[in-house]
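J.: If you read the protein sequences in the order shown, they are chains A and B.
Under our numbering, the first residue of the first sequence carries the number 1, and numbering increases by one thereafter.
Under our numbering, the first residue of the second sequence carries the number 430, and numbering increases by one thereafter.
Backbone N, C-alpha and C define an ideal beta-carbon position, used for all residues, glycine too.
Model, not experiment: these values are computed from the prediction.
I'd like to ask you about the structure that follows.
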Amino acid sequence: MIGMKHILLFLILLVSFQGMDAQVQRFPKPEFQTAYKVPTTVEPAPTSLLMEYVDVLVLVVVMSLTAWFIFKKRSRKGILWLSVFSLAYFGFYREGCICSVGSVQNVSLALFGEGYTLPLTVLLFFALPLLFSLAVGRVFCAAACPLGVVQDLVIVKPIKVAPWVQKSLGLFPYVYLALAVLYAATGTDFMICRYDPFVGIFRLGAGFNMIVLGICLLVIGMFVARPYCRFICPYGALLRVGSHLSKNHLSITPSNCINCKLCKNACPFDAIDFPVEEKENKATRTDFRKFMLYLVLIPILMAAGGWMMSASHRLLASVHQDVALSEIISKHPEVLLQKGNVDVDTFLASGMSLETLNKKAEVVREKFRVGGWYAGAFIGLVLGLMLLNEVVFRKREIHTANRSNCISCGRCMDFCPVEPTGGKKGKKK
Amino acid sequence: MSKPLNRRDFLKNLLRYSAGLTVLGVAGASLAKTQTKTWVWQIDPFKCTSCGRCATECVLTPSAVKCVHAYALCGYCDLCGGYLKPDHLERNTAAENMLCPTAAIERKFIEAPYYAYHINEDLCIGCAKCVAGCTSFGNGSLHLQINHHLCSNCNECAIARVCPSDAISRVSVDEAYRIKGSFGPTQK
Chain A
1 MIGMKHILLF LILLVSFQGM DAQVQRFPKP EFQTAYKVPT TVEPAPTSLL MEYVDVLVLV
61 VVMSLTAWFI FKKRSRKGIL WLSVFSLAYF GFYREGCICS VGSVQNVSLA LFGEGYTLPL
121 TVLLFFALPL LFSLAVGRVF CAAACPLGVV QDLVIVKPIK VAPWVQKSLG LFPYVYLALA
181 VLYAATGTDF MICRYDPFVG IFRLGAGFNM IVLGICLLVI GMFVARPYCR FICPYGALLR
241 VGSHLSKNHL SITPSNCINC KLCKNACPFD AIDFPVEEKE NKATRTDFRK FMLYLVLIPI
301 LMAAGGWMMS ASHRLLASVH QDVALSEIIS KHPEVLLQKG NVDVDTFLAS GMSLETLNKK
361 AEVVREKFRV GGWYAGAFIG LVLGLMLLNE VVFRKREIHT ANRSNCISCG RCMDFCPVEP
421 TGGKKGKKK
Chain B
430 MSKPLNRRDF LKNLLRYSAG LTVLGVAGAS LAKTQTKTWV WQIDPFKCTS CGRCATECVL
490 TPSAVKCVHA YALCGYCDLC GGYLKPDHLE RNTAAENMLC PTAAIERKFI EAPYYAYHIN
550 EDLCIGCAKC VAGCTSFGNG SLHLQINHHL CSNCNECAIA RVCPSDAISR VSVDEAYRIK
610 GSFGPTQK
């Protein structure tokens with residue numbers, strides 16, 4: 001009988017211990033004599049998850065309303081209030097996550113990385129603004145993006161940025177995009193989120209660097225309008241392409257342009273193209289030669305870019321956690337003997353062999369070597385197309401918004417003195 | 430009825446539709462790896478090495494990582510490895526003997542010789558000192574978890590980026606917590 005009891009007890013213990021697995025129950029659970037009940041561990045529920053679908057809905061509504069304000073109402077005021085709403089909702093209420101700008105990385109990680117499943121809402125956040133940009137231009141930038149509108153609202157006295165400066169700095173977003181995709185695809189880092197300048201302001205608290213970066217950009221933004229959007233934003237780089245090819249785009253004047261130049265002065269982003277003079281309008285033989293030269297140059301630039309990025313794969317990969325650890329150990333083997341480096345200590349405690357670590361690092365480096373070719377080639381292609389664009393002439397007789405640079409804020413519409421019927425208005429503003 | 434299409438418009442249309450198709454293509458390709466569920470960040474207590482970075486690296490101050498107590502595993506000891514410093518001078522509950530820097534662990538007498546320990550999450554900063562203590566001298570019932578009520582659910586967790594043991598990963602929101610006892614390496 002006693003034997004039976006023991007076996008039963010043993011079985012019960014076995015079952016209960018299996019649940020704890022490797023956990024060693026050094027001190028057995030007491031059997032309380034009093035009425036004390038063992039409490040259960042509280043699991044605070046995540047803040048409403050339905051919100052993410054509400055976010056998508058709000059995004060669609062804001063972008064549609066912006067389009068309506070641009071095309072039907074022609075109202076800058078409407079866009080202004082919409083952008084204030086977006087700043088409050090997406091920025092301060094939803095605290096800036098997830099945003100379309102960062103979603104580029106999630107999509108790259110889902111496409112190229114392992115073990116990551118993309119939430120549907122993130123995919124929608126990625127795709128919807130791009131599709132909208134192909135239909136109606138950069139309405140996302142105008143009023144939906146919290147990063148954009150926070151800069152838009154601090155514009156005080158915008159200075160004109162020389163076209164060559166604007167064009168050369170305009171290459172940076174594509175470089176940033178290529179790097180961000182490369183880093184996300186290799187599972188190294190989400191650098192767009194890491195160097196997001198405004199999320200710290202939305203959350204009213206972040207690391208020192210983040211806050212300093214944000215405040216600096218806002219101060220610069222008082223004089224150089226929307227510096228992040230124009231010279232940094234990697235998602236803006238994509239939207240720029242979408243807007244360039246868009247079916248419909250904001251038109252400054254409701255009917256016939258009288259070339260009064262008021263819109264040009266109203267635009268803080270230097271995004272208005274003015275009429276080209278007759279003599280500049282003709283392509284010369286030299287221009288044709290240049291065009292052909294740049295056309296040939298594109299594949300060369302792509303190859304050069306790809307080679308350069310790929311050749312620097314060791315440097316690029318050194319950001320990755322495993323690679324960094326492997327490099328520290330190979331360069332300073334003495335860290336293995338000292339205590340104090342958390343990463344090294346954890347590595348030693350994990351029992352992983354140095355060989356395995358080095359192998360893991362080598363796998364990451366290989367990914368960077370291959371990915372570097374694509375990223376570099378992309379940058380080369382963009383540079384080539386930019387050069388090509390310099391020698392392509394467009395005949396323009398009126399003031400028009402530059403489809404790539406225009407963020408559809410609607411300021412120019414407000415300043416246009418032309419009446420929708422075609423007659424001239426006496427005074428407006 | 431329709432206007433004759435010139436070459437530039439034709440090219441532009443072509444480019445626009447191919448751009449649209451590219452976006453849809455990328456979306457379609459990633460759709461295979463898409464799910465409607467939401468991800469949240471959580472710590473695997475069995476991987477955690479209580480290095481202390483959770484307290485310092487979180488974008489929130491104090492950190493959204495808090496110590497939780499798996500009561501079912503606790504031995505209710507008087508001499509608690511997570512409560513008292515291992516090198517405490519005298520066996521009493523004076524402040525200098527406490528392991529927790531913010532006095533977030535509350536101790537309550539139940540019956541001889543058992544004491545219950547409770548974490549005051551408002552005070553806890555997620556430094557994992559008690560976790561280290563409880564794991565090395567105890568049942569390991571104290572461990573870290575990300576409190577989802579506080580967590581901003583950043584697109585990339587700032588702690589996960591620097592976690593030396595890769596203990597932080599995205600988990601499905603249905604199983605948002607990994608409390609020891611109900612979660613283990615062999616269990617799902």
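Using beta carbons (cut-off 9 angstroms, strictly below), is residue 71 of chain A in contact with chain B?
T.: On the first sequence, position 71 is the one that residue 71 of chain A refers to. It does not; no Cβ of chain B falls within 9 angstroms.
J.: Closest to residue 103 of chain A by CA distance: which of B/585, B/475, B/434 is it?
T.: Numbered from 1 along the first sequence, position 103 holds the residue referred to as residue 103 of chain A. Comparing Cα positions, the closest option is B/585.
J.: Tell me which same chain residues have a C-beta within less than 6 angstroms of the C-beta of residue 361 of chain A, skipping the five on either side of it?
T.: Along the first sequence, read from residue 1 onward, the residue named residue 361 of chain A stands at position 361. Around residue 361 of chain A: 322, 323, 326.
J.: Using a Cβ cut-off of 9 angstroms (strictly closer), state whether residue 507 of chain A contacts chain B.
T.: In this structure chain A extends from 1 to 429, so residue 507 of chain A is not present and cannot be described.
J.: Would a C-beta distance cut-off of 9 angstroms place residue 565 of chain B and residue 504 of chain B closer than the cut-off?
T.: If you number the second sequence from 1, residue 565 of chain B lands on position 136. If you number the second sequence from 1, residue 504 of chain B lands on position 75. No.
J.: Comparing C-alpha positions only, which one of B/572, B/540, B/473 sits nearest to residue 550 of chain B?
T.: Here residue 550 of chain B corresponds to residue number 121 of the second sequence, with the count starting at 1. Of the candidates B/572, B/540, B/473, the one whose C-alpha sits nearest the C-alpha of residue 550 of chain B is B/572.
J.: For residue 216 of chain A, is the classification buried or exposed, using 16 other Cβ atoms within 10 angstroms of its Cβ as the cut-off for buried?
T.: The residue you call residue 216 of chain A lines up with position 216 of the first sequence. When all chains shown are included, residue 216 of chain A counts as exposed.
J.: Would you say residue 382 of chain A and residue 291 of chain A are within 9 angstroms of each other, going by their C-beta atoms?
T.: Here residue 382 of chain A corresponds to residue number 382 of the first sequence, with the count starting at 1. Here residue 291 of chain A corresponds to residue number 291 of the first sequence, with the count starting at 1. No, they are not a contact pair.
J.: What are the residues in the region 372-398 of chain A lying within 9 angstroms of chain B by C-beta distance?
T.: Cβ contacts with chain B: none found.
J.: Going by the DSSP bridge assignment, what does residue 573 of chain B pair with across the sheet?
T.: Start at 1 with the first residue of the second sequence, and residue 573 of chain B comes out as number 144. BP columns for residue 573 of chain B point to B/496.
J.: Output yes if chain A places a C-beta closer than 9 angstroms to the C-beta of residue 520 of chain B; else output no.
T.: The residue labelled residue 520 of chain B in the question sits at position 91 within the second sequence. For residue 520 of chain B, the answer is no, since every Cβ of chain A falls outside 9 angstroms of its Cβ.
J.: So, helix, strand or coil for residue 547 of chain B, using DSSP?
T.: As a first step, residue 547 of chain B is located in the second sequence; it is residue number 118 there, counting from the start. In this structure, residue 547 of chain B counts as strand in the three-state DSSP scheme.
J.: In whole angstroms, what is the alpha-carbon distance linking residue 455 of chain B and residue 337 of chain A?
T.: Within the second sequence, numbered from 1, the residue matching residue 455 of chain B stands at position 26. Within the first sequence, numbered from 1, the residue matching residue 337 of chain A stands at position 337. Those two C-alpha atoms are separated by around 48 angstroms.
J.: Which residues in chain B have a C-beta closer than 7 angstroms to the C-beta of residue 343 of chain A? List them in chain order.
T.: In the first sequence, the residue the question calls residue 343 of chain A occupies position 343. Correct list: 593.
J.: So, is the C-beta of residue 226 of chain A closer than 9 angstroms to a C-beta in chain B?
T.: Residue numbering aside, residue 226 of chain A sits at position 226 when the first sequence is read from its first letter. No - not a single Cβ of chain B is within 9 angstroms of the one on residue 226 of chain A.
J.: Say whether chain B places a C-beta atom closer than 9 angstroms to the C-beta of residue 14 of chain A.
T.: On the first sequence, position 14 is the one that residue 14 of chain A refers to. At residue 14 of chain A the pLDDT is 43, less than 50, meaning the model places this residue with poor confidence; the figure from the coordinates comes in the next sentence. For residue 14 of chain A, the answer is no, since every Cβ of chain B falls outside 9 angstroms of its Cβ.
J.: Where in the region 205-259 of chain A do unbroken runs of the alpha helix (DSSP H), each at least 4 residues long, occur, reported from the N-terminal end onward?
T.: DSSP runs (the alpha helix (DSSP H)) wholly in the region 205-259 of chain A: 208-221, 227-231, 234-244.
J.: Going by DSSP, name the residue or residues bridged to residue 612 of chain B.
T.: Mapped onto the second sequence, residue 612 of chain B falls at position 183. Paired residues: B/609.
J.: Is there at least one Cβ from chain C nearer than 9 angstroms to residue 435 of chain B's Cβ?
T.: Included in the structure are the protein chains A and B, with no chain C among them.
J.: Quick one: residues in its chain with C-beta nearer than 7 angstroms to the C-beta of residue 9 of chain A, no 5 flanking neighbours on either side, listed in chain order?
T.: Here residue 9 of chain A corresponds to residue number 9 of the first sequence, with the count starting at 1. Reliability of the predicted coordinates at residue 9 of chain A is poor, the pLDDT of 45 falling under 50, and the value obtained from them is presented with this limitation in mind. Nothing listed; no residue qualifies.
J.: At the 9 angstroms Cβ level, is residue 288 of chain A part of the contact set with chain B, yes or no?
T.: Along the first sequence, read from residue 1 onward, the residue named residue 288 of chain A stands at position 288. So, not an interface residue.
J.: If the cut is a Cβ gap below 8 angstroms, which residues of chain A does residue 464 of chain B touch?
T.: Sequence index remark: in the second sequence, residue 464 of chain B carries index 35 (1-based). Per Cβ cutoff of 8 angstroms: 117, 118, 119, 120.
J.: So residue 150 of chain A and residue 87 of chain A are in contact, right, with Cβ under 8 angstroms, and what is the actual spacing, rounded?
T.: Taking the first sequence and counting its residues from 1, one reaches residue 150 of chain A at position 150. Taking the first sequence and counting its residues from 1, one reaches residue 87 of chain A at position 87. Rounded, the Cβ-Cβ distance is 6 angstroms, consistent with contact.
J.: If contact means a Cβ-Cβ distance below 9 angstroms, which residues of the region 28-44 of chain A contact chain B?
T.: Against chain B - using a Cβ distance shorter than 9 angstroms - the residues of the region 28-44 of chain A are 28, 29, 30, 32, 33, 34, 36, 38, 39, 40, 41, 42, 43, 44.
J.: Shortest alpha-carbon distance to residue 366 of chain A belongs to which of A/316, A/342, A/402, A/387?
T.: For the purposes of this step, residue 366 of chain A is taken as the residue at position 366 of the first sequence. Taking only the C-alpha atoms, the option nearest residue 366 of chain A is A/316.
J.: Note down, in chain order, all residues in the region 234-255 of chain A with a beta-carbon under 8 angstroms from any beta-carbon belonging to chain B.
T.: Correct list: 241, 242, 245, 246, 247.
J.: Can you check the region 340-425 of chain A for any alpha helix (DSSP H) of at least 4 residues that lies completely inside it and give the ranges in chain order?
T.: Qualifying alpha helix (DSSP H) stretches, in chain order: 342-350, 354-390, 411-415.
J.: With a threshold of 9 angstroms between beta carbons, is residue 21 of chain A in contact with chain B?
T.: One-based indexing of the first sequence puts residue 21 of chain A at position 21. Note on residue 21 of chain A: pLDDT 43, under 50, position unreliable in the model; the coordinate value appears next. Yes, residue 21 of chain A counts as interfacial toward chain B.
J.: Which chain A residues are close to residue 494 of chain B, counting only those with a beta carbon under 8 angstroms from its beta carbon?
T.: Along the second sequence, read from residue 1 onward, the residue named residue 494 of chain B stands at position 65. Under the 8 angstroms cutoff, chain A gives no residues; its nearest Cβ is about 13 angstroms from residue 494 of chain B.
J.: Mapping DSSP to helix, strand and coil, what is residue 26 of chain A?
T.: The residue you call residue 26 of chain A lines up with position 26 of the first sequence. Coil at residue 26 of chain A, not helix or strand.
J.: Would you call residue 277 of chain A buried or exposed, if buried means 16 or more other Cβ atoms sit within 10 Å of its Cβ?
T.: One-based indexing of the first sequence puts residue 277 of chain A at position 277. Exposed: under 16 other Cβ atoms inside 10 Å.
J.: Residue 441 of chain B CB to nearest chain A CB: under 9 angstroms?
T.: Within the second sequence, residue 441 of chain B is the residue found at index 12, counting from 1. So, interface residue.
J.: Could you say which of B/606, B/611, B/608, B/554 lies nearest to residue 482 of chain B if we only look at CA atoms?
T.: Your numbering for residue 482 of chain B matches position 53 in the second sequence. The residue with the shortest Cα to Cα distance from residue 482 of chain B is B/554.
J.: Spatial neighbours of residue 556 of chain B within its chain, please: CB distance less than 7 angstroms, with the 5 preceding and 5 following residues excluded, ordered by chain position.
T.: Stepping through the second sequence from its first residue, residue 556 of chain B is reached at position 127. Only 481, 484, 530 meet the Cβ criterion.
J.: List, in chain order, every chain A residue whose beta-carbon is nearer than 9 angstroms to that of residue 589 of chain B.
T.: Position 160 of the second sequence, counting from 1, holds the residue named residue 589 of chain B. The contacting residues do not exist; residue 589 of chain B stays about 10 angstroms from chain A at best.
J.: What do you reckon, are the CB atoms on residue 82 of chain A and residue 379 of chain A nearer than 9 angstroms?
T.: Taking the first residue of the first sequence as position 1, residue 82 of chain A is located at position 82. Taking the first residue of the first sequence as position 1, residue 379 of chain A is located at position 379. Cβ distance not < 9 angstroms, so residue 82 of chain A and residue 379 of chain A don't count as in contact.
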